[in-house]
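**Q**
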Amino acid sequence: MFSSIDYEYMAQALRLAEKGLYTTTPNPRVGCVIVRDGKVVGSGWHARAGEPHAEINALMQAGDLAQGATVYVTLEPCSHHGRTPPCAGALIQAGVGRVVVAMVDPNPQVEGEGITQLQQAGIQTDIGLLEKEAHDLNIGFVSRMTSGRPWLRLKIAASLDGKTALNNGVSQWITGADARRDAHRLRARSCAVLTGIGTVLADDPMLNVREVETPRQPLRVVVDSTLKMPPSAKMLLEEEILVVTASGDHGKAENLRKAGAEVLVLPPLDGRVDLARMLDELGKRGINEITVEAGRGLNGALVRLGLVDEFVIYFAPLLLGDRARGMFDLPELVEMGERRELRIADVGMVGRDVRIRALPVE
Ligand code: AOF
Ligand code: ZN
29 MFSSIDYEYM AQALRLAEKG LYTTTPNPRV GCVIVRDGKV VGSGWHARAG
79 EPHAEINALM QAGDLAQGAT VYVTLEPCSH HGRTPPCAGA LIQAGVGRVV
129 VAMVDPNPQV EGEGITQLQQ AGIQTDIGLL EKEAHDLNIG FVSRMTSGRP
179 WLRLKIAASL DGKTALNNGV SQWITGADAR RDAHRLRARS CAVLTGIGTV
229 LADDPMLNVR EVETPRQPLR VVVDSTLKMP PSAKMLLEEE ILVVTASGDH
279 GKAENLRKAG AEVLVLPPLD GRVDLARMLD ELGKRGINEI TVEAGRGLNG
329 ALVRLGLVDE FVIYFAPLLL GDRARGMFDL PELVEMGERR ELRIADVGMV
379 GRDVRIRALP VE
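Quick note, the sequence shown lines up with residues 29 to 390 if you use the working numbering.
See the structure below:
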């Protein structure tokens, strides 16, 4: 169904889609290339929610040349009136000859309807080219559309012997500058960065993106069951911070609000923040991807609840010894049968450190 030329143009459309990596949220990253007689006559990508979709940008460039052309698009053209009119209709109106789609739009408002409309208009529509790549690019959008929850990526910087901090809590700097920059790229592509109150009290971090250029900072979310967050915390110096709590202490919440935070009070679960419920709430707010940068407490709780979708662990070539702090506060296992199995998705060097991406095995 697909020729090597098809692959090439879809790869080009994916590269265009990636230009929206830091900006399209809550929308997906989408790229589009329009080809006629072996020449690219239009190309575009989606930059921001509310702005034109990838196909529309590409159609505007192509003008009349779109007639009879082949359109490569990384996500099924939409069929609904959202913030912008439907792309399937625009492609039909432009008289395109063929549409090649990487993946079906998981948005229940679309979900195959765009493809049906194109086919009903007599346009040859081929689906599934470089589907995995398109899917990975929008892993958070897919997660939110299919489960209501964001994709949760847990990032850890550790020594080669798996330690993340000294026993006295000191954790800077374990990994090198390249790994830190790489981790800032993860922050930049995330809709939210999540941490725990323990990390805030120990490190007083900003948790913003500094090491890479970005026009948009992720929302910073702090899990703080009993509202220990001091109104003087550095995180509060910048906009967009959400403190999630199970505390009913209105005075403390009010103080944090005055300091610039939004405070979300959830019904307590065993006296703590109900983390699954929190993810549902974040999903409702259009959060697609979350990067967790926390200590062993929150990390362990998320693992125990099965809420982690992806682990990104940077290992630095140094040893901190058994008395340093580990990655996950988990109950002791007494049988190997209780172990948690992961699948390594990717391994590579980042400067002097090693990065491992691993996914839980269901
Ligand atoms: C496309 N091309 O480039 C994008 C699509 O509110 P709107 O109008 O921006 O619509 C957002 C929805 O449209 C989004 O949830 C997803 O289903 C689809 N995104 N579709 O045809 C694009 N970004
Ligand atoms: Zn659209």
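For each residue, glycine too, the CB sits at the ideal point set by N, CA and C.
#1: Under the rule that 16 or more other beta-carbon atoms within 10 Å means buried, what is D65, buried or exposed?
#2: Could you name the residues of the same chain whose beta carbon sits closer than 6 Å to that of T53, not counting the 5 residues immediately before and after it, in chain order?
#3: Would you identify the three-state DSSP class for K183, choosing helix, strand or coil?
#4: Suppose only complete runs of 3+ residues qualify. What are the beta strand (DSSP E) ranges in the stretch 88–128, listed by chain order?
#5: Compute every distance between the C-beta of G110 and the non-hydrogen atoms of ligand 1, then say whether any falls below 7 Å.
#6: Please identify the residue among V320, G96, G288 and F339 whose C-alpha is closest to the C-alpha of L264.
#7: Please report how far the alpha carbon of E177 lies from the alpha carbon of G314, in whole angstroms.
#8: Secondary structure at S71, three-state DSSP: helix, strand or coil?
#9: Among the residues of its own chain, which have a CB less than 7 Å from the CB of V291, if the five just before and after it don't count?
#10: For R371, I'd like the list of residues in its chain whose CB is within less than 7 Å of its CB, leaving aside the five on either flank, ordered along the chain.
#11: Between the stretch 146–156 and the stretch 168–175, do three or more beta carbon pairs fall short of 8 Å?
#12: What number of angstroms, rounded off, separates the C-alpha of L303 from the C-alpha of E239?
#13: May I ask whether a heavy atom of ligand 2 can be found less than 7 Å away from the beta carbon of E139?
#14: Going by beta carbon distance, what residues of the same chain come within less than 7 Å of F169, once the five residues before and after it are set aside?
#15: For the beta strand (DSSP E) that contains Y35, what are its first and last residues?
#16: Flag this pair as touching only if the stretch 193–212 and the stretch 363–383 have three or more C-beta atom pairs under 8 Å; answer yes or no.
#17: Just to be sure I understand the criterion: a residue counts if its Cβ is closer than 5 Å to at least one heavy atom of ligand 2. Which residues meet that?
#18: Say the cut is 7 Å; is the CB of P178 nearer than that to a heavy atom of ligand 1?
#19: Does any heavy atom of ligand 1 sit closer than 7 Å to the C-beta of H74?
#20: Identify the continuous beta strand (DSSP E) that holds A386 and give its terminal residues.
#21: Answer yes if the stretch 77–92 comes into contact with the stretch 333–348, meaning at least three C-beta pairs across the two stretches below 8 Å, and no otherwise.
#22: Leaving out five residues on either side along the sequence, give the residues of the same chain with a beta carbon under 7 Å from the beta carbon of V228.
#23: Is L370 helix, strand or coil by DSSP?
#24: Going by Cα to Cα distance, which pick from R368, Q89 and L103 is closest to A97?
#25: Check whether the Cβ of E83 lies closer than 7 Å to any heavy atom of ligand 1, and answer yes or no.
#26: Please classify V320 as buried or exposed, where buried requires at least 16 other C-beta atoms within 10 Å of its C-beta.
#27: Can you tell me whether DSSP reads V228 as helix, strand or coil?
#28: Note down, one range per segment and in chain order, each alpha helix (DSSP H) of at least 4 residues found wholly within the stretch 271–311.
#29: Could you please give the first and the last residue of the uninterrupted alpha helix (DSSP H) stretch that includes R313?
#30: Does the structure place the stretch 37–54 close enough to the stretch 70–79 that three or more beta carbon pairs sit under 8 Å?
#31: Identify every residue that forms a DSSP beta bridge with R248.
#32: Do V127 and P105 have their beta-carbon atoms positioned less than 8 Å apart in this structure?
#33: Could you tell me whether the Cβ of N316 comes closer than 8 Å to any Cβ of chain D?
#34: How about V166: is its Cβ closer than 7 Å to a heavy atom in ligand 1?
#35: Does ligand 1 have even one heavy atom less than 7 Å from the beta-carbon of L157?
#36: Straight-line CA distance for P246 to L182?
**A** For this structure:
#1: Locating residue 65 in the sequence shown gives position 37, where the first residue counts as 1. Within a 10 Å sphere around the beta-carbon of D65 sit fewer than 16 other beta-carbons, which makes this residue exposed.
#2: Position 25 of the sequence shown, counted from the first residue, corresponds to residue 53. Around T53: C219 and N316.
#3: Numbered from 1 along the sequence shown, position 155 holds the residue referred to as residue 183. Correct three-state label for K183: strand.
#4: 98–101
#5: Counting from 1 along the sequence shown, the entry for residue 110 is found at position 82. Correct: G110 has its Cβ closer than 7 Å to ligand 1.
#6: For the purposes of this step, residue 264 is taken as residue 236 along the sequence shown, with counting starting at 1. Among V320, G96, G288 and F339, the Cα nearest to that of L264 is on G288.
#7: As a first step, residue 177 is located in the sequence shown; it is residue number 149 there, counting from the start. As a first step, residue 314 is located in the sequence shown; it is residue number 286 there, counting from the start. At residue 177 the sequence reads Arg, which differs from the Glu that was named. Approximately 9 Å between the Cα atoms of the pair.
#8: Along the sequence shown, read from residue 1 onward, the residue named residue 71 stands at position 43. Strand, per DSSP.
#9: As a working mapping, residue 291 is identified with position 263 in the sequence shown. For V291, where only same-chain residues beyond five positions count, the Cβ hits under 7 Å are V271, T273, A281, L284 and R285.
#10: For the purposes of this step, residue 371 is taken as residue 343 along the sequence shown, with counting starting at 1. Within the same chain, A386, L387 and V389 come within 7 Å of R371 by CB-CB distance, once the 5 residues on both sides are set aside.
#11: no
#12: For this step, residue 303 is matched to residue 275 along the sequence shown. For this step, residue 239 is matched to residue 211 along the sequence shown. Cα to Cα, L303 sits roughly 29 Å from E239.
#13: In the sequence shown, counting from the first residue as 1, residue 139 sits at position 111. Not so, every heavy atom of ligand 2 lies at least 7 Å from the Cβ.
#14: Locating residue 169 in the sequence shown gives position 141, where the first residue counts as 1. Around F169: P56 and N316.
#15: Your numbering for residue 35 matches position 7 in the sequence shown. Segment S32 to E46 is the alpha helix (DSSP H) holding Y35; no beta strand (DSSP E) there.
#16: At 8 Å Cβ cutoff, the stretches touch.
#17: H81, C106 and C115
#18: The residue given as residue 178 occupies position 150 in the sequence shown. The answer is no for P178.
#19: For the purposes of this step, residue 74 is taken as residue 46 along the sequence shown, with counting starting at 1. At least one heavy atom of ligand 1 is nearer than 7 Å to the Cβ of H74, so yes.
#20: Sequence index remark: in the sequence shown, residue 386 carries index 358 (1-based). Following the DSSP letters along the chain, one finds A386 inside the beta strand (DSSP E) bounded by residues D381 to P388.
#21: Output reads no: the stretch 77–92 does not touch the stretch 333–348.
#22: Against the sequence shown, residue 228 aligns to sequence position 200. Hits under 7 Å: V250, M257, A261 and M263.
#23: Sequence index remark: in the sequence shown, residue 370 carries index 342 (1-based). Looking at L370 - three-state DSSP - the assignment turns out to be strand.
#24: In the sequence shown, the residue the question calls residue 97 occupies position 69. From the listed residues R368, Q89 and L103, the smallest Cα separation to A97 is found for Q89.
#25: As a first step, residue 83 is located in the sequence shown; it is residue number 55 there, counting from the start. Remark: the C-beta of E83 is in contact range of ligand 1, defined as less than 7 Å to any heavy atom.
#26: Here residue 320 corresponds to residue number 292 of the sequence shown, with the count starting at 1. Buried, since its Cβ has 16 or more Cβ neighbours within 10 Å.
#27: As a working mapping, residue 228 is identified with position 200 in the sequence shown. Three-state result, V228: helix.
#28: For secondary structure counted as the alpha helix (DSSP H) over 4 or more consecutive residues, the stretch 271–311 holds these complete runs in sequence order: 278–286.
#29: Taking the first residue of the sequence shown as position 1, residue 313 is located at position 285. First-last for R313: undefined, no H or E at that position.
#30: Taking 8 Å as the limit for Cβ pairs, the verdict is that the stretch 37–54 does touch the stretch 70–79.
#31: Position 220 of the sequence shown, counted from the first residue, corresponds to residue 248. Looking at the DSSP assignment, R248 forms a beta bridge with V221 and I269.
#32: As a position in the sequence shown, residue 105 is number 77, starting the count at 1. As a position in the sequence shown, residue 127 is number 99, starting the count at 1. Contact flag set, yes.
#33: Reference to chain D is not applicable here, since this structure consists of a single protein chain.
#34: Here residue 166 refers to the residue found at position 138 of the sequence shown. Here residue 166 turns out to be Asn, not Val, going by the sequence shown. Distances taken from the Cβ of N166 to the heavy atoms of ligand 1 include none shorter than 7 Å.
#35: By one-based count along the sequence shown, residue 157 stands at place 129. No; taking the cut-off as 7 Å, the Cβ of L157 has no heavy atom of ligand 1 nearer than that.
#36: Along the sequence shown, one-based indexing puts residue 246 at 218. Along the sequence shown, one-based indexing puts residue 182 at 154. P246 and L182: Cα-Cα distance of roughly 15 Å.
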